[in-house]
Each structure stands twice: as C-alpha cells, then as structure tokens.
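Participant:
There are 2 protein chains.
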Amino acid sequence: MDNFIGVDIGGTSVKIGVVTSEGKLLKKDIIEINPKAEYEEIITPVKDWIQLFLKNEFKRSINAIGIGTPGFIDKRTGVLVSGSENVPMLKKHATAKLLEDFTGIPAYQDNDGTCATAGELMFGKGQKYKDFVMITLGTGIGGGLVLNGKIYRGSKGFAAEIGHMCLDPNGSWCNCGSRGCFEQYASGPAIVKNYTNKLIKRGIEINENITAKYIFDNAYTNKKILGEIAREVIEETGLKIAQAFGTLLNILNLEAFIIGGGISKSGELLLPSIKRHLFDFVWPELGKDVAIMIAGLQNDAGIMGAAAMAYERLRV
Amino acid sequence: MDNFIGVDIGGTSVKIGVVTSEGKLLKKDIIEINPKAEYEEIITPVKDWIQLFLKNEFKRSINAIGIGTPGFIDKRTGVLVSGSENVPMLKKHATAKLLEDFTGIPAYQDNDGTCATAGELMFGKGQKYKDFVMITLGTGIGGGLVLNGKIYRGSKGFAAEIGHMCLDPNGSWCNCGSRGCFEQYASGPAIVKNYTNKLIKRGIEINENITAKYIFDNAYTNKKILGEIAREVIEETGLKIAQAFGTLLNILNLEAFIIGGGISKSGELLLPSIKRHLFDFVWPELGKDVAIMIAGLQNDAGIMGAAAMAYERLRV
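Line by line, the protein sequences are chains A and B.
Oh and the first sequence: position 83 is 83 in the numbering used here, straight run, nothing missing.
Oh and the second sequence: position 246 is 246 in the numbering used here, straight run, nothing missing.
1. Hey, could you find the ends of the alpha helix (DSSP H) Asp217/A is sitting in?
2. Residues in the region 80 to 111 of chain B with C-beta within 8 Å of chain A's C-beta atoms, listed in sequence order?
3. Return the residue from the list Ile303/A, Ser264/A, Ala291/A that minimises the CA-CA distance to Gly126/A.
4. Pull out every residue of the region 274 to 290 of chain A whose Cβ sits closer than 7 Å to any Cβ of chain B, in chain order.
5. Does the region 165 to 178 of chain B come within contact of the region 145 to 156 of chain B, defined as at least 3 CB pairs closer than 8 Å?
6. Say the cut is 7 Å; is the CB of Val316/B nearer than that to a heavy atom of the ligand SAH?
7. Along the region 163 to 174 of chain A, where does the CB come closer than 9 Å to a CB of chain B? Name the residues.
8. For Ile206/A, which residues of its own chain have a beta-carbon under 7 Å away from its beta-carbon, when the five flanking residues on both sides are left out?
9. Any idea what DSSP makes of Val18/A, helix, strand or coil?
10. According to DSSP, which residues form a beta bridge with Thr136/B?
11. Compute the distance between the beta-carbons of Ser187/A and Thr139/A, then report whether it is under 8 Å.
12. So for Gly177/A, helix, strand or coil by DSSP?
13. Looking at the secondary structure, which residues open and close the beta strand (DSSP E) in which Glu32/B lies?
14. Quick one: which unbroken alpha helix (DSSP H) runs of 4-plus residues sit fully inside the region 259 to 290 of chain A? Chain order, please.
15. Taking 8 Å as the CB-CB limit, is Thr127/A close to chain B?
16. By how many angstroms is the C-alpha of Ala190/A removed from the C-alpha of Gly171/A?
17. Comparing C-alpha positions only, which one of Asn56/B, His93/B, Gln298/B sits nearest to Asp74/B?
18. Considering only C-alpha positions, which residue in the set Ala96/B, Thr103/B, Gly71/B is nearest to Phe386/B?
19. Okay, do the region 242 to 252 of chain B and the region 285 to 302 of chain B touch, 3+ Cβ pairs below 8 Å being the bar?
20. With 8 Å set as the bound, which would you pick, yes or no: does the beta-carbon of Lys15/B sit closer than that to a beta-carbon of chain A?
21. According to DSSP, Gln298/A sits in a beta bridge with which residue or residues?
22. Report the neighbours of Cys115/B on chain A: residues whose CB is nearer than 7 Å to its CB, in chain order.
23. Would you tell me roughly how many angstroms separate the C-alpha atoms of Ser13/A and Gly238/B, rounded to the nearest one?
24. With distance defined between alpha-carbon atoms, name the residue in Phe279/A, Asp2/A, Gly23/A, Gly11/A nearest to Ile303/A.
25. Considering only DSSP beta bridges, list what Asp8/B is partnered with.
26. Tell me, to the nearest whole angstrom, how far the beta carbon of Ile31/A is from that of Ile65/A; I am working on the premise that it is less than 8 Å.
27. Use the C-beta contact count for Ser61/A: other C-beta atoms within 10 angstroms, 16 or more gives buried, fewer gives exposed.
28. By alpha-carbon positions, which one of Gly68/A, Asp217/A, Met309/A ends up nearest to Leu270/A?
29. For a contact defined as C-beta to C-beta under 7 Å, what are the partners of Thr247/B on chain A?
30. How do the region 133 to 148 of chain B and the region 222 to 237 of chain A stand: do at least 3 beta-carbon pairs fall below 8 Å, yes or no?
31. Buried or exposed: which applies to Tyr311/B, given that a residue is buried once 16 or more other Cβ atoms fall within 10 Å of its Cβ?
32. Given a limit of 8 Å on CB to CB distance, which residues of the region 250 to 271 of chain A reach chain D?
33. If we count the other Cβ atoms within 10 Å of its Cβ and call it buried at 16 or more, is Pro272/B buried or exposed?
34. Could you please give me the residues that DSSP links to Ile73/A through a beta bridge?
35. Can you name, in chain order, every residue of its own chain whose Cβ lies under 8 Å from the Cβ of Ala244/B, other than the five neighbours on each side?
36. With Gly267/A and Leu137/A assumed to form a contact (beta carbons below 8 Å), what rounded beta-carbon distance in angstroms separates them?
This is the structure:
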C-alpha cells in the first residue's frame, strides 16, 4: 500500500495528514498559523510534523508529499507567483522543492482547487468520469478540470480560474478588476449580499449574522417571508451556476460537474435550479446526460485532495 | 512521404484533394453538390474521385482519408447525430466508415471546426503552441481546442461549440434557443447586422449589398462616415471576441488564439481591438504573453484541415 502526506495551507491553519492510495486518512493534525507570519514560521512546524512522523512511523514509507495552497503555482518552476492574498507569505516560494530537499521524498504543490479536483478524481465522485469540472463554492469560486481522465493544468499551470469567467459584461465590478465575474453571483459572500439586499429592499430588519449556511437552512425550514427570500436567492444562484456550466459544456463537452467547497454541504438545494436552467445556456446535444452532483469528500477534503494530487502527479 | 486525402463537405460543394505529411497540396478538385440532394448523390462522386485517384496514381499510397463536415459526429460511432442543417443529408450517416469499407484505407470524420484546428496544428500557425484555441468566423462561429499538444474532442466528440458561449444572458436571442451567444456578436451576419442597424439609425440609405468584407474594406479605405461606422463595428466586434477569449483563457490557461474562417483574411483589422480589450475579461496572470493571430492556412484550409485531422488521428 502506498502512502501520501497531504498538506492543506489556508489563511488561518495548516491541515496535514497521511492518506493511503485507497483513500484512507491514517492521521491528521491542524497547525494554527498567523496569516501575517513570515514564511519560515509556517514552514518550520510543517517540516517538524513530517520529520516526527517519519521518525515515529519509519516502517510506513511515504511515496510523495502534496501541498495545496491558494494562488497560481508555475508548473515549470514550482514557484507560487501570485493570487495567495490570504496567505501572502507563500508568494515567490517553491514550497514543494523546499520540502522535497528537506525530506528526500518527491513533493508537489498545486492550487487548492486543483487539489480538490484531484481528491474527487481519485477518492470521490469523479472516479467514474473522464471529463468533468469541479467547482468549489466558498469565499471565492475555484475549481479544476479533468479532461481525458487527467487533470488539465494549462500552459503555465494556471487553468480553471472558473470564478472569474465573465457571466455578464455589464455586471457588478469584481475585485479582480473585471465585471460580472461568476464569483459575484455564486460565492458565499455574493449569496449573502443578494439575500441581505432583498431584506433591505423589503424593509426587513437584519438581526442575525447572515451566512450562506443560514440562508440555506432558512430555505429548508422557514415557511414565511425569510424562507421565501432564501429560496428565491437559491433559485437565482442556481441560474448563474447553470450559465457557467452551460459555457463550460459548450467548450468542453463534459460528462459531469461536481460542486464542492464550504457551501457544498448545503448545496443539494442548488441542484434543482441548476438542472432546470442548464438548457437555457447549452447547445442541446451538449447538455444531454450531464450529471451534476455534490462532492463526495467533505471533511478533510483539503488533506485528501493534496494527497490525491501528489498521487496523481507521481503517476504521470 | 505519407499522403492523406482531405474531403471538405460544405453546403454547396465538396472540396477534395491529396495532401502530404509535409503539408503540400498535390491535387485538388471541387465537386458541386445540390444541398437538397440525397446522401448517395453526394457520396458517389466522392467515391468515384477516390477510386480514380487510386487507380491513376497507384504508386502513391494513401495513409488515411479525412472528412470535414458541419455538425456533431459521435466519436465512438462515427455517426453524424445533428447540427448539419446546411448539408442535411449527412445526418445519421457514418461517412468515414462507408469510405473506409469502400477503399480499405483508414478514414475519419470530424467537425469542420476541428479539422480547421488540425490544419493549423499540423501545417499552420499552431505548430509552435501546445495549448491554443482556434475560432472560425464565418456564417457561424466554430473552432477547436488543442490542449497538451493534442486536439481535445470532449466526452462524445462535441467539444468547442464556441459560437454558443453565452456572452450576455440578456443578449439577443440566437437560433439555438439561447440568448447572447458569441455568434450573435461576431459572426459575419452579426457584423453586417450591427453595421446596417447603425446606418438605419443614422438615416443613411443602404444601396449596396453589405457583407462583412465590404465593412472591413470600408474601415481601411473610407475616410468619411461609412468608414467611421465600419471602424466602430470592428471595435465592438473585437470587444466581444475579447470577452470570449478572456473566458477561454480563465478556463484553459492558453498560449494562443488563431482566428480563421471566411472573415479571417480581413481579420487583421480586428486584432488591435481584441488585444486592447482582452485584459478587461481575464485574470491578469492568465492574460500575459497570449498570442492572437490570423490563421496560416487560407485557401484550401478545408482540404488541408481534413487531411491534417486524418494524420492526427492515425497517429493517436
């Protein structure tokens, strides 16, 4: 049996664990980090963790280490070139090379959307598809592409910047500098903004801390106006996701979409709206028999995805 | 040296010829067809042409036959399932299998946009790129995808339905049943419609038969109002192409775009507008160093592309 270390570096913590090639999570830890820390302050505890693991479990050989982070990682050099605003200290570093030099074990770094996609491809719902797109709905929208059974990374490794597909050239300005980006309609903050705007317009006072989860919960359970508005927001979010999926289908003739990320547990509620609107945006022949589903991996998806990505790259 | 027969079946004629693996067109003929003819009436002269060629030039062996047509060809069965409204008799036929059985030579059929892309990949401007998209601007908008150096066809063979990417969910209705398709903004008829609308709104009488070529010619040479309007139309067309390219870049992290099709000879005029607007629609990291150019193959692109596609599929 092969074993992989998965390292998922986010804004406030590093999740780290060991995953087998059968997708079993053997061990897991969370290292809290200060998002403003220096690079060394984050990497040193990761190195320590790996060193301790290798020492204590010397009989269990590790085939490769996978590291998932935000941002654009140049696939040629391994350097994170930009886009890691939540964990700024990662920028300009080749973290995989550093860990590989330190451990002597092959190490790979990829964008967290790519890692999530690798996780679904190896251990989740993607196992039965050769051509699919995964999207991760959270604070932003990320994702990854599987084409001909393999992760497609693009010429520099930056592919699948799905959250910034333009859905409306006259839409809201995005903080990327473009207008009408997908993220402006279906990310967590966009869903919350749509909902709170609707409350404000109806003169309904907002007492609670509104989150996307709160909205999805209300849509399920609330029979009154707040539930109606929540269901309307979900309907509109599904419409926009359908538009993005339609465009992706027209370009790539996919078999399936997998929806993951922070929203995905509540995401089942989005599926009817997405499916109902899909054919408004796709050439009929390309919309047939397309499966749309919620991700298989939920908890630990970050560690599992990073490990799966290492597994995938080791085999290529 | 290897030789390939290229067959380009369009609405009013079949173009057929022999192309070497170095991209030399050895022989070429045009067979006029009646678009309302039965299937046999179109295929019999093609079979006759091939039979005569093989008899007369028996020393010149043919490695494969490539057939380019409109429509969706199921890559598993080789059957054209839909989308060939201009040459309706092709529907439900597996033309490659028929020619393969007749000649004993491997034969392949693909969408004409895919063939055009194969032509550029093997013999044209695509030779130096591993990840690019070709678009063909004509009566409609088609194209093809080259990813990791190979043509990407999608799960059923229907990929690259680029003309029906939604650029504006509130845009003009397209005859595909969706709104705001790319084709509604940058195909030949869309360019003509935009131009004539502008003339009508300004009370300018239209005496000539307006074509996209006429508009491009005027933009070059006419210093007066018609030239100004023509340049405005080209500017607006370039903006929409930039939006489509931005979305494709965000998804696929490409190196280049190649513009072919009927419009492409005049297309140089579009490039400044496309390049100027590209960064309005793409994440900066993915817009860097992207080449945008007019196709290398012009005359005989149909035959060359069909032959190149056969060459490409024989090698896979």
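Cβ coordinates follow ideal geometry from the N, Cα and C atoms, glycine included.
Facilitator: Short version:
1. 212 to 221 is the span of the alpha helix (DSSP H), which, as asked, contains Asp217/A.
2. Val81, Ser82, Gly83
3. Ala291/A
4. Asp280, Phe281, Trp283, Glu285, Leu286
5. no
6. This structure simply doesn't include the ligand SAH, nor any ligand for that matter.
7. Gly163, His164, Met165, Cys166, Leu167, Asp168, Pro169, Asn170
8. Excluding sequence neighbours, Ile206/A sits near Thr196, Leu199.
9. Reduced to three states, the DSSP call for Val18/A is strand.
10. Gly142/B, Gly260/B
11. A contact, by the Cβ cut-off of 8 Å.
12. coil
13. 25 to 32
14. 271 to 277, 284 to 287
15. A small fix is needed here, since residue 127/A is Gln in this sequence, not Thr. By this cut-off, Gln127/A is not an interface position.
16. 13 Å
17. His93/B
18. Here chain B covers residues 1 to 316 and nothing more, so residue 386/B does not appear.
19. yes
20. Chain A, which has no Cβ nearer than 8 Å to the Cβ of Lys15/B, makes this no.
21. Asp300/A
22. Near Cys115/B there are no residues of chain A at all, since even the closest Cβ is about 17 Å away, more than 7 Å.
23. About 45 Å.
24. Gly23/A
25. Paired residue(s): Lys15/B, Gly68/B.
26. Actually they do not touch by this definition, with Cβ atoms about 15 Å apart.
27. exposed
28. Minimum Cα distance to Leu270/A is reached at Asp217/A.
29. Met165, Cys166, Thr247
30. no
31. Buried, because 16 or more other Cβ atoms sit within 10 Å of the Cβ of Tyr311/B.
32. The displayed structure is made up of protein chains A and B, and chain D is not among them.
33. By the neighbour-count criterion, in which a residue is buried when 16 or more other Cβ atoms sit within 10 angstroms of its Cβ, Pro272/B is exposed.
34. Note: Ile73/A sits in a beta bridge opposite Leu80/A.
35. The beta carbon of Ala244/B sits closer than 8 Å to the beta carbons of Ile135, Ile162, Met165, Leu167, Phe182, Ala186 from its chain, once the five residues preceding and following it are set aside; these are given in chain order.
36. Contact holds; Cβ gap of about 7 Å.
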